[in-house]
Every structure is written in C-alpha cells, then in structure tokens.
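S.K.: Pasting a structure here, questions to come.
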Amino acid sequence: MGRVGERLFFFPMQQFSSLPGPIGVFDSGYGGLTILSKIREALPQYDYVYLGDNARAPYGTRSFEIVYEFTRQAVCRLFAMGCPLVILACNTASAKALRSIQQHDLPRLDATRRVLGVIRPTVESIGAVTHSRHVGVLATAGTIKSESYPLEIHKLFPDITVYGQACPLWVPLVENNEALGDGADYFVRKYIGELLHKDDRIDTVILGCTHYPLLLPKIQRYMPAGIRVVAQGELVAGSLKDYLRRHPEMDVRCTRGGTCTYYTTEAEEKFSESASTFLNEAVEVHRVTLE
Ligand code: DGL
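For the sequence shown, my numbering assigns the number 16 to the initial residue and increments by one for each residue that follows.
Structure follows, in structure tokens:
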C-alpha cells in the first residue's frame, strides 16, 4: 500500500525475473529520447529499453497523484520487462513520483532494483558553474510547482538563490515540430524574460525539462550574454556512468549488447514519426498498455 496525498493505492505483490536485463529509460513521451541519446553515447555497451507514455503525455500539467500513479505503472512494466535499473528521464516524474516510488514501492516490489531520476544529477554540477550564486530553472508547471529543483539545490548548496519559471508552451512547440519555427521566438523570449525579471543576478539557467534541448538555438538567441545554459543529458549520462562504477552489483545485472528497444503507449507509427525529430534516425517501436 502506498500513500500519496490523501489517497491510498493498493499494489499486488509481484515477482520479477532476477536474470540480468536492459536498463529502462522512462519518459512521459518523446522528450526522454534527448536523455537516452546522451546516455547511449556515454554508455554504448549496455542494452536499453525506452518506454514513452505518449498516450497520456504531457505529464507537466497533471496532479501529483496522477503523475505518481502513471509513473509507478511504467516502472512496474519496465521491471516486468527485466530491467534491474530504471531511469526516470522525465523531470516531472522525477519531481512528483521518484521519492514515493523509492520509499514506498521499491521495498514491496523488489528491493534489489533501483529507480533513479534526473534532477539530482542535474543539480550536482551547479555549485561549480554559478559565480553569482543566483540560479534560474526553466521547467514544466508541474516541476516548478513541486519545488524539487530549489529543494535539491539547497540540500547541496544552501547559499544558492533559486528562481523557477514555468514554460507551459515550450513542450507543445517541440511536440508539434515548431521548435525552430518563427512562432517559437515569442514564447522563448517571453519565459526567459519572465525568469530574469524575477532576479537579474542569475548567471546560470537550468533547462529542467527533457524537451528543452530541442529549443536550444532559440534559447541561446534570447539568453543574455554571460548567462550559462545547462542542459541535463550529459550530466545524467555522466552520473549514470559513475553510479554503475560505484555499484558493481548493479553493473553485473545490466546486459551488454548495445541494443535499444522502444515501447510506446500510443500508436507505433506516431511514435516512429515523431521520434525521428529527437533521434534523427528511424526506430522500431512496440505498443504497450499501462495499467
Ligand atoms: N518529460 C517532461 C519533463 O521533463 C516534459 C513533457 C511532459 O510534460 O510530459 O518534465
């Protein structure tokens, strides 16, 4: 049984195979592919399973309860597919579901498996990047509202001032293949302006959403000179590499074949078509239902 907010969820006990398996990478949709590609660049030897809950994306505007429930279902599915380790490549899921899954679900589901998020690896490097000690975070409304970035940053760097700005129209721009279109300029400039208006001493801005690296050319255009933009793909990949080095007992449970299998909760054709925006290559994908 797990508790989120006022509601209780009952989970059946499950048995998962203890054989080695692929590393699972989960996102609400396509955005996690930006993280996956950096992970695969850094750690090409492992097998991966990518699961996108495209049928229920976006998560960014959903409640804590729903994001937790959907993410828990995805983690269970990836465990059932044999993944000993799952990366929540989605900031919203990392912000709203990771802690509950680690604390309440893992001990019941399988205490030997691990679920890791993307927020901690992203903030770990921030202390060495900012000189002014004023940092901005651009993310979905859900991630900003969760306060996860300021909380995680203050655990490591209590002296840093953090301001967040929700960018609710950036994910739809990317999803609709308009990231580099003329219409994107208005909303890129708007949210950057709103963030910097809150604190003009910000010298470092974290892109706290999987989709935002695809807006990077526009973000760089409207970000004032001298402000460092931090994308998280390479940071997450580096952190995973370090994690596997420090945890040989997990490393031996991750199979090495260099493969990647893609799963989506939407139609296969739709995923393959849009995934090419993120990956620049055709992918073979299978449909799954989460419940
Ligand atoms: N993957 C989500 C994130 O990183 C963005 C898309 C969504 O809202 O589902 O926050």
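Beta carbons: idealized from backbone N, C-alpha and C, even for Gly. Just so it is clear, the structure is predicted and the values come from calculations on it, not from any experiment.
With a cut-off of 8 Å on the beta carbons, I'd call Gly97 and Gly36 a contact; round off their distance for me.
M.R.: Here residue 97 refers to the residue found at position 82 of the sequence shown. Here residue 36 refers to the residue found at position 21 of the sequence shown. That pair is a contact at about 3 Å.
S.K.: Buried or exposed: which applies to Asp174, given that a residue is buried once 16 or more other Cβ atoms fall within 10 Å of its Cβ?
M.R.: The residue you call residue 174 lines up with position 159 of the sequence shown. When all chains shown are included, Asp174 counts as exposed.
S.K.: Between Val138 and the rest of its own chain, which residues show a CB-CB distance below 6 Å, the 5 nearest in sequence each way excluded?
M.R.: Walking along the sequence shown from the start, residue 138 turns up at place 123. So the qualifying residues of the chain are Glu167 and Ile168.
S.K.: From the DSSP output, in three-state form, read off Ile168 for me.
M.R.: Taking the sequence shown and counting its residues from 1, one reaches residue 168 at position 153. Helix.
S.K.: Return the Cβ separation of Ser43 and Ala110 in integer angstroms, given the expectation that the two are a contact with Cβ distance under 8 Å.
M.R.: As a working note, residue 43 is residue 28 in the sequence shown. As a working note, residue 110 is residue 95 in the sequence shown. Contact doesn't hold; Cβ gap of about 12 Å is too wide.
S.K.: Closest to Val82 by CA distance: which of Pro165, Asp218 and Ala112 is it?
M.R.: As a working mapping, residue 82 is identified with position 67 in the sequence shown. For Val82, the nearest C-alpha among the options comes from Ala112.
S.K.: Let me have the residue list for the ligand DGL: C-beta closer than 6 Å to any non-hydrogen atom, ordered along the chain.
M.R.: Here the residues come out as Asp42, Ser43, Gly44, Gly46, Ala72, Pro73, Tyr74, Gly75, Cys105, Asn106, Thr107, Thr155, Thr158, Val186, Cys224, Thr225 and His226.
S.K.: Please report the residue range of the beta strand (DSSP E) in which Ala252 lies.
M.R.: Taking the first residue of the sequence shown as 1, we reach residue 252 at position 237. Where Ala252 is concerned, there is no enclosing beta strand (DSSP E), although the alpha helix (DSSP H) it sits in stretches over Gly248 to Arg261.
S.K.: Please report the Cβ distance between Tyr237 and Arg204, rounded to the nearest whole angstrom; I am assuming they are in contact, meaning their Cβ atoms lie under 8 Å.
M.R.: Position 222 of the sequence shown, counting from 1, holds the residue named residue 237. Position 189 of the sequence shown, counting from 1, holds the residue named residue 204. Sure, about 5 Å apart at Cβ, within 8 Å.
S.K.: Quick one: what's got a C-beta closer than 7 Å to Arg22's C-beta in the same chain, skipping five residues either side?
M.R.: Here residue 22 refers to the residue found at position 7 of the sequence shown. Its pLDDT being 40, under 50, Arg22 is placed unreliably by the model, and the measurement read from it follows with that caveat. Once the five neighbours on either side are set aside, the close Cβ partners of Arg22 are Glu80.
S.K.: Which residue marks the beginning of the alpha helix (DSSP H) containing Gly67, and which one marks its end?
M.R.: Position 52 of the sequence shown, counted from the start, is the residue given in the question as residue 67. First-last for Gly67: Tyr63 to Gly67, but that is the beta strand (DSSP E), not the alpha helix (DSSP H).
S.K.: Per DSSP, Cys269 is paired with what?
M.R.: Numbered from 1 along the sequence shown, position 254 holds the residue referred to as residue 269. Paired residue(s): Gly36.
S.K.: Around the Cβ of Thr127, are there at least 16 other Cβ atoms within 10 angstroms (buried) or fewer (exposed)?
M.R.: On the sequence shown, residue 127 is found 112 positions in, with the first residue counted as 1. The residue in question, Thr127, is exposed, as its Cβ has fewer than 16 Cβ neighbours within 10 Å.
S.K.: Along the chain, where does the alpha helix (DSSP H) that runs through His212 open and close?
M.R.: Within the sequence shown, the letter at position 197 stands for residue 212. It spans Ala199 to Lys213 - the alpha helix (DSSP H) in which His212 sits, taken as one unbroken run.
S.K.: Mind checking whether Gly248 and Asp62 have CB atoms under 9 Å apart?
M.R.: Translated into the one-based positions of the sequence shown, residue 248 becomes position 233. Translated into the one-based positions of the sequence shown, residue 62 becomes position 47. No, these two residues do not count as a Cβ contact at 9 Å.
S.K.: Give the single residue among Leu121, Cys91 and Thr145 whose Cα lies nearest to the Cα of Glu306.
M.R.: Within the sequence shown, residue 306 is the residue found at index 291, counting from 1. It is Cys91.
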